[in-house]
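>
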Amino acid sequence: MENKVLVKIILSELDVDFDVFLPVNEIIWKIKKLLVRSFSDIMGITLDSNKDYVLINKDNGRIYNNNDIVIDTDIRNAAELIFVSIDK
C-alpha cells in the first residue's frame, strides 16, 4: 500500500465534496482537525467549533473512531467518506 489514499470527502452540511489524499499512518482525530481547517480556508468560512465532527463510510455506514489509524480501517483509494458535524 502507498503512503496515502485518495478519497472523496462529502461535507454534508454545505452540500460539497472534495477529493483528498489522506496519509495512511495518521490518526482519525488529527485528520478531522486538518479537514476542518482546510474546509474553512478553502471555502472562506468558519466551521462551528462547538460541534464535533465524524467521518462515516458512505458504502457501509461505519463511523470511524477518533483513535483509529487509517491503515487499520477499510479506508482505501476511491472510498467516499461523509464528514458530518454533531453537537457536543
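For our numbering, add 135 to where a residue sits in the sequence shown, where the first one is 1.
Even glycine gets a Cβ: it sits at the ideal position worked out from N, Cα and C.
Which one or two residues does DSSP pair with isoleucine 84 in a beta bridge?
Outside the displayed range of the chain (136 to 223) lies residue 84, so it cannot be described from this structure.
> For leucine 190, which of helix, strand or coil comes out of DSSP?
DSSP places leucine 190 in strand when its eight states are reduced to three.
> Leaving out five residues on either side along the sequence, give the residues of the same chain with a beta carbon under 8 Å from the beta carbon of methionine 178.
Excluding positions up to five away in sequence, the list reads Leu149, Val151.
> Grab me the residues of lysine 186's own chain with a C-beta within less than 8 Å of its C-beta, minus the 5 sequence neighbours each way, in chain order.
Counting only Cβ-Cβ distances below 8 Å, and skipping sequence neighbours, we find Ser220, Ile221, Asp222, Lys223.
> Across the stretch 153-164 and the stretch 195-207, are there enough close Cβ pairs to call them in contact, namely three or more that are closer than 8 Å?
Yes, the stretch 153-164 is in contact with the stretch 195-207.
> Within 10 angstroms of the Cβ of leucine 141, are there 16 or more other Cβ atoms? Answer buried if so, exposed if not.
Exposed.
> Mapping DSSP to helix, strand and coil, what is aspartate 209?
Three-state DSSP puts aspartate 209 in coil, outside helix and strand.
> In angstroms, rounded to a whole number, what distance separates the CA positions of lysine 139 and phenylalanine 156?
Those two C-alpha atoms are separated by around 6 Å.
> Considering only DSSP beta bridges, list what lysine 139 is partnered with.
Looking at the DSSP assignment, lysine 139 forms a beta bridge with Pro158.
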